[in-house]
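Q:
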Amino acid sequence: MSLFETMKGVPVPKTEAERNELVVTEVANGFWDYHLSRRASIMRSLCGKSTLPTAIPLSAWGAKMEENLPKAPSYCPACARLAWPDREGGPGLVRWQKS
Ligand SMILES: [Zn+2]
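Numbering-wise (the working numbering), the sequence shown opens with residue 7 and increments by one.
#1: I'd like to confirm something about Leu64: is its beta-carbon nearer than 7 Å to some heavy atom of ligand 1, or not?
#2: Helix, strand or coil for Ser51? Go by DSSP, reduced to three states.
#3: As a quick exercise: from Val29, Phe37, Leu28 and Arg25, pick the residue whose alpha carbon is nearest that of Glu76.
#4: Would you call Val18 buried or exposed, if buried means 16 or more other Cβ atoms sit within 10 Å of its Cβ?
#5: So does Lys55 have its beta carbon nearer than 7 Å to some heavy atom of ligand 1?
#6: With distance defined between alpha-carbon atoms, name the residue in Cys53, Ala86 and Ser47 nearest to Ala66.
#7: Look up Pro63 in the DSSP assignment and say whether it is helix, strand or coil.
#8: Helix, strand or coil: which one does DSSP assign to Glu27?
#9: Under the three-state reduction of DSSP, which class applies to Glu73: helix, strand or coil?
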């Protein structure tokens, strides 16, 4: 199967807003180690790691998964600060869990 085939069904971003849209990605060699990427460069996270796309909606960022999993997922605090500086960067705000 070619790379093109595997990308079928993934909408190609057309507008600037779509290209800049945030998506949840996972490090290529990681295990439930989630980062954020722009749709236009989904293979690289905001913090510069190599990433793969996931099916996880952005709204699930930071959510706790089912409790019977062997490992809790981690959400990259660097990506969160880059994506949402107002929400994540200010003093006194709750920070994402550090891995
Ligand atoms: Zn990151």
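Each residue gets a CB set at the ideal place from its N, CA and C atoms; glycine is no exception.
A: In brief:
#1: If you number the sequence shown from 1, residue 64 lands on position 58. No, the Cβ of Leu64 stays beyond 7 Å of every heavy atom of ligand 1.
#2: Position 45 of the sequence shown, counted from the start, is the residue given in the question as residue 51. In this structure, Ser51 counts as coil in the three-state DSSP scheme.
#3: To locate residue 76, count along the sequence shown from 1; it is residue 70. A small correction: the amino acid at residue 76 is Pro; Glu does not occupy that position in the sequence shown. Checking every option, the nearest Cα to that of Pro76 belongs to Phe37.
#4: Position 12 of the sequence shown, counted from the start, is the residue given in the question as residue 18. The residue in question, Val18, is exposed, as its Cβ has fewer than 16 Cβ neighbours within 10 Å.
#5: Stepping through the sequence shown from its first residue, residue 55 is reached at position 49. Yes; taking the cut-off as 7 Å, the Cβ of Lys55 has a heavy atom of ligand 1 nearer than that.
#6: Here residue 66 corresponds to residue number 60 of the sequence shown, with the count starting at 1. That would be Ala86, whose Cα lies nearest to the Cα of Ala66.
#7: The residue labelled residue 63 in the question sits at position 57 within the sequence shown. Coil, per DSSP.
#8: Against the sequence shown, residue 27 aligns to sequence position 21. Note: Glu27 maps to coil in three-state DSSP.
#9: In the sequence shown, residue 73 corresponds to position 67, counting from 1. It is coil, neither helix nor strand.
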